[in-house]
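Here the structure comes first, spelled out in structure tokens, and everything after it is commentary.
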Amino acid sequence: MPFYYRKSQLGFSSGESFFALQDIAEEVGRPTYVYCLDDVVFRYHFFVQAFDDKATIYYAMKANSHPALLKLLAQMGAGLDVVSGGEIKLGLKYGFPASKMVFSGVGKQRHEIELALKQGIGQLNVESPAELQRIAQVATELKVKAPVAFRLNPDVNPETHPYIRTGFRENKFGMDSSFLFELERILKKFNSQLSLIGLTLHIGSQIRDMSPLVEAVRKSLPLFKSLKENGHPLVSFDIGGGVGIDYHSGKTRAELEGLKSYANQVTELLNSVGCEILCEPGRILVARAGVLLAQVQYVKETPYKRFAIVNSGMNHLMRPALYGAYHRILPLKEAGRQEMKTYDVVGPICESSDVIGHERTLPNLKENDWLAIMDVGAYSAVMANQYNTHRPPLEVAYWEGKRFSFSKEDRFS
């Protein structure tokens, strides 16, 4: 657990130093994401060891694209899972060679495919026959051979929010066996422009029961073997990402033990086909490493509710409004024996859905108090927007005691 109370101050250790979030909040004076990259490094190495060095980690950049984080992962030898031309460019800028990128996503535009092929992308994950046709046409024009992998829809229904479930028959992602005839036809027609090098899966996000992930691999293995026997040069099996965390608790032991069990089962299954294993973790690597600092502006009491109105909301952290997602909210100073009250913690945006947390028990809050919204290292700052023309949040990362700042304003410019 990267964030903890020390001498009543909530903070984190980076390098040999302890950083109190209260000190950071008073210095920056605005809503700020704070990342402890030391925890990301720990989790990256844990992930590699869990797979016994038999899997290549392709970090899912959509989770968090802070430059310091990307540079650090590139230096450690990670690959990158990208979903747009913009992410390809950002990955190249911060040290990832295109050969260590896999390009996912259902709506790849022609100019993005051109960019990927010109840069020498490692793998294009194909979502439909129409997309495979387009990749073949672009490859023909560029006179290159495109390395492609078919994204399978194994019709496995994980227990997760329907908005982040991606491998079930009703979702827009991936392809089932009914697509194979048309895919094979396109491969044969463009055999000089297309090389089927692998299969890929991604059945959803925030999955905490590992059994659907393992079942998806198990159900897809016969097709992998069949395609290889038919002469396609399959060399990789991309098991995707999706491993979740318990947002209701700061305890991490169970999620790491679950990850290790999942890794053991998958490697045992794939040993039989002798392929490279690709894995695309995002949330499990970075979610715990981030907090969002927000300052109380007003405490408002009605006959029905008590509100803590803060200077950050759905414009900075979309997940609660979008998914009904839960994030723990903690005071920067340990409560001790203070009087506790129940609040709805809400933001400044002119939408009733701008609620960060319903009915949270917190110390007696007053104007200018700071709060920490926990576990926001993934799918948080990257989804920030400028609705109501509020200022974007600042992002501050720490690694081995050093600080790296980044403003969301840079991303919008």
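Quick note on the working numbering: the sequence shown kicks off at 2 and runs consecutively. Positions of the beta carbon are idealized from the N, C-alpha and C atoms, including for glycine.
(1) For arginine 7, count neighbouring C-beta atoms within 10 Å of its own C-beta (all shown protein chains included) and say buried if the count is 16 or more, exposed if not.
(2) Which class does phenylalanine 182 belong to by DSSP, given the choice of helix, strand or coil?
(3) Under a three-way DSSP split, which group does glutamine 124 fall into?
(4) Cutting at 7 Å between CB atoms, please list the residues of its own chain near serine 15, excluding the five before and the five after it.
(5) What are the start and end residues of the alpha helix (DSSP H) that includes phenylalanine 47?
(6) DSSP on phenylalanine 4, reduced to helix/strand/coil?
(7) Is aspartate 82 helix, strand or coil by DSSP?
(8) Please name the residue, chosen from Leu153, Asn231 and Gln138, that lies closest to valine 203 on a Cα-to-Cα basis.
(9) Do leucine 294 and alanine 26 have their beta-carbon atoms positioned less than 8 Å apart in this structure?
(10) Excluding five sequence neighbours on each side, which residues of the same chain lie with their C-beta closer than 8 Å to the C-beta of serine 273?
(11) What distance in whole Å lies between the Cβ atoms of histidine 328 and isoleucine 310, which are believed to be in contact at a cut-off of 8 Å?
(12) My guess is that glycine 242 and alanine 61 are in contact by the Cβ rule of under 8 Å, so how many angstroms apart are they, rounded?
(13) If you follow the alpha helix (DSSP H) that valine 377 is in, where does it begin and where does it stop?
(14) Taking only runs of the alpha helix (DSSP H) that begin and end inside the region 245-290, which ones reach a length of at least 4 residues, in chain order?
(15) May I ask which residues mark the beginning and end of the alpha helix (DSSP H) holding arginine 338?
(16) Rank Ala99, Met77, Gln76 and Ala75 by C-alpha distance to the C-alpha of glycine 86 and give the top, closest one.
(17) If the criterion is Cβ atoms closer than 8 Å, does the pair leucine 333 and alanine 382 meet it?
(18) To the nearest angstrom, report how far apart valine 149 and alanine 264 are at their CA atoms.
(19) Closest to isoleucine 246 by C-alpha separation, out of Lys190, Pro304, Ala288 and Ala79, would be which residue?
(20) Check each candidate in Asp24, His233, Leu74 and Gln110 and name the one with the smallest Cα separation from methionine 102.
(21) By how many angstroms is the C-alpha of lysine 109 removed from the C-alpha of glutamine 129?
(22) Taking Cβ to Cβ, would you say valine 292 is nearer than 8 Å to leucine 70?
(23) How about the region 217-232 and the region 302-316: do they share at least three Cβ pairs that are nearer than 8 Å?
(24) Out of Thr343, Ile330, Glu352 and Arg307, point me to the one whose CA is closest to alanine 322's CA.
(25) With a threshold of 6 Å on Cβ separation, who are the neighbours of alanine 56 within its own chain once the five nearest residues in sequence on each side are excluded?
(26) Looking only at its chain, what residues have a beta carbon closer than 8 Å to the beta carbon of leucine 1, apart from the 5 residues adjacent to it on each side?
(27) Going by other Cβ atoms of all chains shown within 10 Å of its Cβ, with 16 needed for buried, is glycine 199 buried or exposed?
(28) Rounded to the nearest angstrom, how far is the Cβ of serine 9 from that of glycine 337, given a contact under 8 Å?
(29) Thinking C-alpha only, which one of Ile89, Lys90, Gly175 and Ile122 is nearest alanine 131?
(30) Indicate whether tyrosine 248 and alanine 326 have their beta-carbon atoms separated by less than 8 Å.
(31) Hey, tryptophan 371 and glutamine 266: beta-carbon distance below 8 Å or not?
(32) Please classify lysine 63: is it buried, with 16 or more other beta-carbons within 10 angstroms of its beta-carbon, or exposed?
(33) Using a threshold of 8 Å, state whether the C-beta atoms of alanine 137 and glutamine 194 are closer than that.
(34) From the DSSP output, which residues share a beta bridge with threonine 303?
(35) Using only the alpha-carbon positions, how far apart do aspartate 24 and threonine 253 sit?
(36) Looking at valine 157 and alanine 217, is the spacing between their C-beta atoms short of 8 Å?
According to the structure shown:
(1) exposed
(2) helix
(3) strand
(4) Cys37, Asp39, Tyr399, Trp400, Glu401 and Gly402
(5) Residues 38-51.
(6) strand
(7) strand
(8) Valine is not the amino acid found at residue 203; the sequence shown has histidine there. Taking only the C-alpha atoms, the option nearest histidine 203 is Leu153.
(9) yes
(10) Within the same chain, serine 273 has close Cβ partners Leu222.
(11) In fact, because the Cβ distance is near 17 Å, the residues do not count as touching under 8 Å.
(12) With a beta-carbon spacing of about 5 Å, glycine 242 and alanine 61 fall inside the 8 Å limit used to define contacts.
(13) No alpha helix (DSSP H) holds valine 377; DSSP gives it neither H nor E.
(14) 254-271 and 284-287
(15) Here arginine 338 belongs to no alpha helix (DSSP H), and DSSP marks it neither H nor E.
(16) Ala99
(17) no
(18) 24 Å
(19) Ala288
(20) Leu74
(21) What sits at residue 129 in the sequence shown is serine, not glutamine. One alpha carbon belongs to serine 129, the other to lysine 109, and they sit about 11 Å apart.
(22) no
(23) no
(24) Glu352
(25) Annotation for alanine 56: Ile278 and Cys280 place their beta carbon closer than 6 Å to its own, counting only its chain and skipping 5 residues before and after.
(26) Since the first residue shown for the chain is 2 and the last is 414, residue 1 is missing from the structure and cannot be characterised.
(27) buried
(28) 7 Å
(29) Gly175
(30) yes
(31) It is not a contact, given that the beta carbons lie outside the stated cut-off.
(32) buried
(33) yes
(34) Paired residue(s): none; threonine 303 is not in a bridge.
(35) 26 Å
(36) yes
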